[in-house]
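Visitor: Take the position in the sequence shown, starting the count at 1, then add 36; the result is the number in our numbering. A virtual CB, placed ideally from N, CA and C, is assigned to each residue, including glycine.
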Amino acid sequence: MSVSGSIVKEQPSPVPPPTTSTSGLRAKATYWKDKVTTRHGWFGDYDYGWLCAPTLPFSVGKFGKGKKRMPPFYALDSDLPLLLAITCGFQHSLAMLAGLITPPIIFASALNLDSALSAYMISASLIGCGILSLVQMSRLKLPGGYFLGTGLISVVGTSFATLSTANAIFDAMYADGTCPSTVAADGTVTRGPCPDAYGKVLGTSIICSFLEIFMSFVSPRTLKKIFPPMVTGTVILLIGASLIGDSGILNWGGGSNDCSGRPTSGIFELCPTIFAPRPLPWGSPEFIGLGFLSFAAILLTELFGSPFLKNISIIVGLAVGCIVAGGAGYIDGSSIKTAPAITFLWVHTFKIRVYPPAILPMLAVYISLAMEAIGDITASAEVSRVPVDGEEFDSRIQGGVLSDGIGGFFSALFTVTPLSIFAQNNGVIAITRCANRTAGRWCCFFLILYGVLGKISGVFLAIPNPVLGGVTTFLFATVAASGIRVLSYNEFTRRDRFVLAAALSFGFGDLLAPGIFTHLFDGVHAATTNKGLKGLFDSITIVLSTPFLIAGLVAVVLNLILPTEDAKIEDDEPVELVDVEAHTEHDEKK
Numbered sequence: 037m038s039v040s041g042s043i044v045k046e047q048p049s050p051v052p053p054p055t056t057s058t059s060g061l062r063a064k065a066t067y068w069k070d071k072v073t074t075r076h077g078w079f080g081d082y083d084y085g086w087l088c089a090p091t092l093p094f095s096v097g098k099f100g101k102g103k104k105r106m107p108p109f110y111a112l113d114s115d116l117p118l119l120l121a122i123t124c125g126f127q128h129s130l131a132m133l134a135g136l137i138t139p140p141i142i143f144a145s146a147l148n149l150d151s152a153l154s155a156y157m158i159s160a161s162l163i164g165c166g167i168l169s170l171v172q173m174s175r176l177k178l179p180g181g182y183f184l185g186t187g188l189i190s191v192v193g194t195s196f197a198t199l200s201t202a203n204a205i206f207d208a209m210y211a212d213g214t215c216p217s218t219v220a221a222d223g224t225v226t227r228g229p230c231p232d233a234y235g236k237v238l239g240t241s242i243i244c245s246f247l248e249i250f251m252s253f254v255s256p257r258t259l260k261k262i263f264p265p266m267v268t269g270t271v272i273l274l275i276g277a278s279l280i281g282d283s284g285i286l287n288w289g290g291g292s293n294d295c296s297g298r299p300t301s302g303i304f305e306l307c308p309t310i311f312a313p314r315p316l317p318w319g320s321p322e323f324i325g326l327g328f329l330s331f332a333a334i335l336l337t338e339l340f341g342s343p344f345l346k347n348i349s350i351i352v353g354l355a356v357g358c359i360v361a362g363g364a365g366y367i368d369g370s371s372i373k374t375a376p377a378i379t380f381l382w383v384h385t386f387k388i389r390v391y392p393p394a395i396l397p398m399l400a401v402y403i404s405l406a407m408e409a410i411g412d413i414t415a416s417a418e419v420s421r422v423p424v425d426g427e428e429f430d431s432r433i434q435g436g437v438l439s440d441g442i443g444g445f446f447s448a449l450f451t452v453t454p455l456s457i458f459a460q461n462n463g464v465i466a467i468t469r470c471a472n473r474t475a476g477r478w479c480c481f482f483l484i485l486y487g488v489l490g491k492i493s494g495v496f497l498a499i500p501n502p503v504l505g506g507v508t509t510f511l512f513a514t515v516a517a518s519g520i521r522v523l524s525y526n527e528f529t530r531r532d533r534f535v536l537a538a539a540l541s542f543g544f545g546d547l548l549a550p551g552i553f554t555h556l557f558d559g560v561h562a563a564t565t566n567k568g569l570k571g572l573f574d575s576i577t578i579v580l581s582t583p584f585l586i587a588g589l590v591a592v593v594l595n596l597i598l599p600t601e602d603a604k605i606e607d608d609e610p611v612e613l614v615d616v617e618a619h620t621e622h623d624e625k626k
């Protein structure tokens, strides 16, 4: 097949040696002996120099010496050299890492949890992602012709949709007194630690996960009709934009906690707190510079880095920022010292409860997770060179959404917020040309290893807020860019533009004036003592106050009720261009 102008040889899939007879066992033993003891079994024919060679100035394009020879493509079940499987798996894990550690760090910061609990949340997230990614890659056949998993390198992580919604739920808990807060003499509100809020989000997630499990048995074609690119693109765009404003850019300035309001007293007078090694007011040039350094490192890696480094540019940005921040004295190493050497799930636990006002928003989150899963599975299938239509592809969609829903249930039992399919690794598959599931299983091994080694979580927790902000702002912007890419699949008829404009009216309104809907039911709250009714109104408030939820709801409803157009309708008639200079010259002669 021809790729990028060069002919590449796709690696043949090995015939699995039989295991039901003595000869079969002997053949399998011989296969693994050759794999482990021979040079070809370890290295194969892959061009490792291409993978690790940097891109020097003027080495590509019209000034270069020509296109580099691309390595062979390794399909899902190809015979993969051991070193390549380990290398690609390690690369997949690093490409995902920033996206996996960011949500628990933000959750812990929003709830003011101590460093030991925060480090555990990071470890639990990494371990849970590794375990549930193995399930997602498995493609287990179930009774009735159904499947569990996609059978692709479909890795999972904490969805940013959950992150945005959980922050709104936490705000509601602090507002209604579920979580403690104190008011200073100058009116500054300081939130206290509230681990129970996290437990209530987990408990609500457990019961809401059954919605996505049910959706997995609905025809994929029906799901695509209800959630076309117009809806999914709008949702993804606003998820990314919301996270930039709620977390990314605030951390870049020094912190997304109470210090971002620049209070004149209290522990948050300086960022991240007055007890930090080098606290400064929010938005100080030192903080902005640290964040920009990390951001610039990502850009330079994209310009000059090798294919390996380009896939982990986020980690490069974190590393460069941390090295400079550590040398300048901004890093507090207490989280590393107090973190355990070895940890696992359930070292810390949370009280699993259900928070009624969070049920409606969490149901909407699971709908959005299913929408994201369909898009991510499609993208993974494309880069893995498997069919993106037909019965096989529909079964991958069904299996992926089912695994997504079940993953949401078990992730809560793992003390992790819903884990959904991630798209970060699709770029790794496209660049390395390795879609083999063996590499995916090595990725899961590394993720679980990162989680078990507790000191690694302590290192992640010690990352200064500006460094994290400079990196996550870029990361969240890539989410928004993915939404724009999905929106580009539309023809943008007048109907499409109308649906998008109506949805963005609410979404951008929430982003630019985030408090507009928070007081909508204040009068009702004061007039009634019915807790159920108050909970319902709180649920509606959370949905209305979360940009991607309200925009997605508007887009779904309008997409279903507005009549479709048979052909593209242009609003404007062709405009006849007038030669102004010729008319001016004619008038002067007259």
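Can you tell me whether Leu149 is helix, strand or coil according to DSSP?
Guide: As a first step, residue 149 must be located in the sequence shown, where it is residue number 113. Reduced to three states, the DSSP call for Leu149 is coil.
Visitor: Considering Leu698, what are the terminal residues of the alpha helix (DSSP H) in which it resides?
Guide: The question about residue 698 has no answer here: the residues shown for the chain are numbered 37 through 626.
Visitor: Sort out for me which residues DSSP pairs Arg227 with in a bridge.
Guide: As a working mapping, residue 227 is identified with position 191 in the sequence shown. Beta-bridge pairing links Arg227 to Ser217.
Visitor: Using the three-state DSSP reduction, which class does Thr186 fall into: helix, strand or coil?
Guide: Here residue 186 refers to the residue found at position 150 when the sequence shown is read from its first residue. Three-state DSSP puts Thr186 in coil, outside helix and strand.
Visitor: What separation, rounded to the nearest whole angstrom, lies between the Cα atoms of Cys124 and Asn347?
Guide: The sequence position of residue 124 within the sequence shown is 88, counting from 1. The sequence position of residue 347 within the sequence shown is 311, counting from 1. C-alpha separation (whole angstroms): 10 Å.
Visitor: Given 8 Å as the limit, is there contact between the segment 235 to 250 and the segment 449 to 459, that is, 3 or more CB pairs closer than that?
Guide: They touch, by the three-pair rule.
Visitor: Need the endpoints of the beta strand (DSSP E) that Ile492 sits in, please.
Guide: Against the sequence shown, residue 492 aligns to sequence position 456. Premise fails: Ile492 lies in the alpha helix (DSSP H), Gly490 to Leu497, not in any beta strand (DSSP E).
Visitor: Under three-state DSSP, which class holds Gly289?
Guide: Numbered from 1 along the sequence shown, position 253 holds the residue referred to as residue 289. Note: Gly289 maps to coil in three-state DSSP.
Visitor: If you check the beta carbons only, do Gly187 and Leu112 fall under 8 Å apart?
Guide: Locating residue 187 in the sequence shown gives position 151, where the first residue counts as 1. Locating residue 112 in the sequence shown gives position 76, where the first residue counts as 1. In this structure, Leu112 lies closer than 8 Å to Gly187 by Cβ.
Visitor: Is it the case that the Cβ atoms of Ala471 and Val419 are separated by a distance below 8 Å?
Guide: Counting from 1 along the sequence shown, the entry for residue 471 is found at position 435. Counting from 1 along the sequence shown, the entry for residue 419 is found at position 383. Yes, they are a contact pair.
Visitor: Give the DSSP-derived three-state secondary structure of Thr414 in the structure shown.
Guide: Start at 1 with the first residue of the sequence shown, and residue 414 comes out as number 378. Note: Thr414 maps to helix in three-state DSSP.
Visitor: Suppose you measure from the CA of Ile122 to the CA of Trp478; what does that come to, to the nearest Å?
Guide: Sequence index remark: in the sequence shown, residue 122 carries index 86 (1-based). Sequence index remark: in the sequence shown, residue 478 carries index 442 (1-based). So the two alpha carbons sit approximately 6 Å from each other.
Visitor: Hey, would you say Tyr402 sits closer than 8 Å to Ile205, going by beta carbons?
Guide: Working through the sequence shown from its first residue, we reach residue 402 at position 366. Working through the sequence shown from its first residue, we reach residue 205 at position 169. No, the Cβ-Cβ distance between Tyr402 and Ile205 is not below 8 Å.
Visitor: In the DSSP assignment, find the alpha helix (DSSP H) that holds Leu87 and state where it starts and stops.
Guide: On the sequence shown, residue 87 is found 51 positions in, with the first residue counted as 1. That run of the alpha helix (DSSP H) goes Tyr84 to Cys88.
Visitor: With 16 as the cutoff for other CB atoms within 10 Å, does Gly435 come out buried or exposed?
Guide: Position 399 of the sequence shown, counted from the first residue, corresponds to residue 435. Buried, by the Cβ-count rule.
Visitor: Since Ile457 sits in a beta bridge, which residues does DSSP pair it with?
Guide: Taking the first residue of the sequence shown as 1, we reach residue 457 at position 421. The partner list for Ile457 (beta bridge, DSSP) reads Val192.
Visitor: Looking only at its chain, what residues have a beta carbon closer than 7 Å to the beta carbon of Asn595, apart from the 5 residues adjacent to it on each side?
Guide: As a position in the sequence shown, residue 595 is number 559, starting the count at 1. Pro264, Met266, Val267 and Val535.
Visitor: Out of His128, Val360, Thr91 and Ala332, state which residue places its alpha-carbon closest to the alpha-carbon of Asn462.
Guide: Indexing the sequence shown from 1 puts residue 462 at position 426. Minimum Cα distance to Asn462 is reached at His128.
Visitor: Return the CA-CA distance between Ala146 and Cys215, expressed in angstroms with no decimal places.
Guide: Mapped onto the sequence shown, residue 146 falls at position 110. Mapped onto the sequence shown, residue 215 falls at position 179. In a straight line, the C-alpha of Ala146 is about 11 Å away from that of Cys215.
Visitor: Just to confirm, is the Cβ distance from Gly166 to Leu483 under 8 Å?
Guide: Your numbering for residue 166 matches position 130 in the sequence shown. Your numbering for residue 483 matches position 447 in the sequence shown. It is a contact, given that the beta carbons lie within the stated cut-off.
Visitor: What ranges does the alpha helix (DSSP H) occupy inside the segment 327 to 351, keeping only unbroken runs of at least 4 residues that lie completely in it?
Guide: Here the runs fully enclosed are 343 to 347.
Visitor: Compute the Euclidean distance between the alpha carbons of His76 and Tyr110, then round it to the nearest angstrom.
Guide: The count along the sequence shown starts at 1 and reaches residue 76 at position 40. The count along the sequence shown starts at 1 and reaches residue 110 at position 74. Each residue's Cα considered, the two are about 15 Å apart.
Visitor: In this structure, what does DSSP give as the bridge partners for Leu316?
Guide: As a working note, residue 316 is residue 280 in the sequence shown. The partner list for Leu316 (beta bridge, DSSP) reads Cys307.
Visitor: For Glu427, report the span of its alpha helix (DSSP H) as first-last.
Guide: Here residue 427 corresponds to residue number 391 of the sequence shown, with the count starting at 1. Counting along the chain, the alpha helix (DSSP H) containing Glu427 begins and ends at Glu427 to Leu449.
Visitor: Leaving out the 5 sequence neighbours to the left and right, which residues in its chain are closer than 7 Å to Gly164 when beta-carbon positions are compared?
Guide: Reading the sequence shown from its first residue, position 128 is the one you call residue 164. Within the same chain, Gly164 has close Cβ partners Ser447, Phe450, Val452 and Leu455.
Visitor: Reducing DSSP to helix, strand and coil, say where Lys177 ends up.
Guide: As a working mapping, residue 177 is identified with position 141 in the sequence shown. Strand, per DSSP.
Visitor: Taking all protein chains shown into account, do 16 or more other C-beta atoms lie within 10 angstroms of the C-beta of Asn26, making it buried, or fewer, making it exposed?
Guide: The displayed coordinates of the chain run from 37 to 626. Any statement about residue 26 would go beyond what the structure contains.
Visitor: Go through its chain and collect everything with a Cβ distance to Pro140's Cβ below 6 Å, but skip five positions before and after it.
Guide: Counting from 1 along the sequence shown, the entry for residue 140 is found at position 104. The residues are Met157, Ile158 and Ser161.
Visitor: With 16 as the cutoff for other CB atoms within 10 Å, does Gly408 come out buried or exposed?
Guide: In the sequence shown, residue 408 corresponds to position 372, counting from 1. Contrary to the premise, residue 408 reads as Glu rather than Gly in this sequence. Result: buried.
Visitor: Would you mind reading off the limits of the alpha helix (DSSP H) that contains Ala538?
Guide: As a first step, residue 538 is located in the sequence shown; it is residue number 502 there, counting from the start. Residues Arg530 to Leu548.
Visitor: Let me check one thing: in DSSP terms, what residues is Tyr110 bridge-paired to?
Guide: Translated into positions along the sequence shown, residue 110 becomes position 74. The partner list for Tyr110 (beta bridge, DSSP) reads Cys470.
Visitor: Considering only DSSP beta bridges, list what Ile378 is partnered with.
Guide: Numbered from 1 along the sequence shown, position 342 holds the residue referred to as residue 378. Partner(s): Leu489.
Visitor: So the candidates are Ala202, Ile413, Val360 and Gly487; which of them puts its Cα closest to the Cα of Thr582?
Guide: By 1-based counting over the sequence shown, the position of residue 582 is 546. Nearest of Ala202, Ile413, Val360 and Gly487 to Thr582, Cα basis: Ala202.
Visitor: Quick check on this structure: which residue in Ala361, Ile275 and Pro423 has the alpha carbon closest to the alpha carbon of Asp546?
Guide: Counted from its first residue, the sequence shown places residue 546 at position 510. Closest by alpha carbon: Ile275.
Visitor: Using CA coordinates, which residue listed in Ile433, Gly290, Pro108 and Ala415 is at the minimum distance from Ser518?
Guide: Position 482 of the sequence shown holds residue 518. The option with the nearest alpha carbon to Ser518 is Ala415.
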